[in-house]
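Here the structure is laid out as structure tokens; the discussion comes afterwards.
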Amino acid sequence: MQGKATLLKVYLGESERYKNKPLYQYLVHWLKEKGIGGVTVCRGIEGYGADKVLHSARFLELSSDLPITLEIVEVAEKIDPLIQEICAMVPKGLVLTSDVHVYKHGKE
Amino acid sequence: MQGKATLLKVYLGESERYKNKPLYQYLVHWLKEKGIGGVTVCRGIEGYGADKVLHSARFLELSSDLPITLEIVEVAEKIDPLIQEICAMVPKGLVLTSDVHVYKHGKE
Amino acid sequence: MQGKATLLKVYLGESERYKNKPLYQYLVHWLKEKGIGGVTVCRGIEGYGADKVLHSARFLELSSDLPITLEIVEVAEKIDPLIQEICAMVPKGLVLTSDVHVYKHGKE
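Just so you know, the sequences run in chain order A, B and C.
When you read off a place in the first sequence, starting at 1, and then add 25, the result is the number in our numbering.
When you read off a place in the second sequence, starting at 1, and then add 25, the result is the number in our numbering.
When you read off a place in the third sequence, starting at 1, and then add 25, the result is the number in our numbering.
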């Protein structure tokens, strides 16, 4: 993969669950099974979403529900068919794409 | 919100302050008051900015001044009116936008 | 720098090395020497790349090889000449660019 590609970014909460697993871990596993070439998961230190509840590493009681982001970079043909399923798995999250230009991907 | 939107990203230093508060915390609060639908704050482990001073989690003395990023995703009409005010609050930081396509945002 | 610019993002593994240094630290130093105006390095908590090996902060044995991202924002004329060299230094990683609009950069 080189040239035009799609960056898919998903924002969700660390405590969200899906099928008895943390949602972000479920998504990583699911994306790997779908043949997606890579996923990067980051944890934020603070944030709020549509419900306007502030989550922060500064608040002990909410520190286990920090913001999580997942990033996937793939050709559009591999990402587009998955977006609706991802949206359904992420009821409270944010799902977006942007156009990127890939110069190098893995061992190519 | 679905379709075309703007991702606003702000890069600043953890130790920057504004009105007696850490700047990034002030910004989160301020953006919430302005009706912005969500903010995600991340802390980096290393970096430098315009002054070329390297901040790193490896250096104890600078570990309380690590890079901080804020991400906001909204329709352009809600973000554009705030950008000049944000720039004024972030004297040493980097403020940028990019075009994104939103598939899902919160509980819609 | 204001107006159109390029965001360069590099994804690599924390344990990758280059010339006896952690690769991401080498890159930060190298980019600074090349006159790049700023770099932000983040560490993820989980992820996999082209080799499909899952790295996670949950697995002690792989926790020292978490995903690392570097972000650089510059005018295209300063980034473009560096991309092939960066790709050569990052054999297993992902290197991409996207278009951004910069409103503020450093002390301007």
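Every residue, glycine too, gets a C-beta built ideally from N, C-alpha and C.
Proximal residues of chain B, C-beta to C-beta of residue i below 7 angstroms
i, result
"VAL100(A)", "By Cβ distance, chain B contributes nothing, its closest Cβ being about 16 angstroms from VAL100(A), past 7 angstroms."
CA nearest to the CA of residue i, picked from the options
i, options, result
"GLU96(C)", "ASP105(C), GLY28(C), GLN109(C) and GLY63(C)", "GLY63(C)"
"VAL127(C)", "LEU32(B), MET26(B) and ASN45(B)", "LEU32(B)"
"GLY28(B)", "VAL100(B), ALA82(B), GLU86(B) and CYS112(B)", "VAL100(B)"
"THR122(A)", "ASP105(A), PHE84(A) and VAL115(A)", "ASP105(A)"
"ALA150(A)", "SER40(A), VAL125(A) and ARG83(A)", "Within the shown structure, residues of chain A are numbered from 26 to 133, placing residue 150(A) beyond reach of any answer."
"GLY74(B)", "VAL120(B), ASN45(B) and LYS103(B)", "VAL120(B)"
"ARG42(B)", "GLU71(B), ALA113(B), LYS129(B) and LEU79(B)", "ALA113(B)"
"GLY38(B)", "LYS44(B), GLU102(B), GLU71(B) and ASN45(B)", "GLU71(B)"
"HIS130(A)", "LYS117(C), ASN45(C), LEU107(C) and PRO47(C)", "LYS117(C)"
"LEU107(B)", "ASN45(B), VAL53(B) and MET26(B)", "VAL53(B)"
"CYS67(B)", "MET26(B), GLN109(B) and TYR49(B)", "TYR49(B)"
"LYS77(C)", "HIS80(A), TYR36(A), THR65(A) and GLN109(A)", "THR65(A)"
"GLU110(B)", "HIS80(B), LEU56(B) and PHE84(B)", "LEU56(B)"
"TYR36(A)", "LYS132(A), VAL98(A) and LEU91(A)", "LEU91(A)"
"ILE93(A)", "GLU102(A), LYS103(A) and HIS80(A)", "HIS80(A)"
Under 7 angstroms by beta carbon: chain C residues contacting residue i
i, result
"SER123(A)", "SER123"
"ILE108(B)", "TYR128"
Exposure label - residue i; buried when at least 16 CB within 10 Å
i, result
"GLU58(C)", "exposed"
"GLY69(B)", "buried"
"SER89(B)", "exposed"
"GLY60(A)", "exposed"
"LYS34(A)", "buried"
"SER40(C)", "exposed"
"LEU85(B)", "exposed"
Neighbour flag for residue i against chain C, beta carbons, 8 angstroms
i, result
"HIS130(A)", "yes"
"ARG115(B)", "In the sequence as presented, Arg is not what sits at residue 115(B); that position holds Val. Judged by the 8 angstroms Cβ criterion, VAL115(B) is in contact with chain C."
Distance cut-off 7 angstroms: residue i Cβ against heavy atoms of the ligand PLP
i, result
"ILE70(A)", "No copy of the ligand PLP occurs in the structure displayed, which carries no ligand at all."
Residue-level contact to chain B via CB, residue i, 8 angstroms cutoff
i, result
"GLY118(A)", "yes"
"ILE97(A)", "no"
Interface residues of chain A facing residue i [CB-CB closer than 7 angstroms]
i, result
"PRO92(C)", "THR65"
"TYR43(C)", "Per Cβ cutoff of 7 angstroms: no residues; TYR43(C) is ~15 angstroms from chain A at best."
CB contact check: residue i to chain A, cutoff 8 angstroms
i, result
"HIS126(B)", "yes"
"TYR36(C)", "yes"
Can you pull out the residues from the stretch 51-77 of chain A whose beta carbon lies closer than 7 angstroms to at least one beta carbon of chain C? VAL53, LYS57, GLY62, GLY63, VAL64, THR65, VAL66, CYS67 and ARG68
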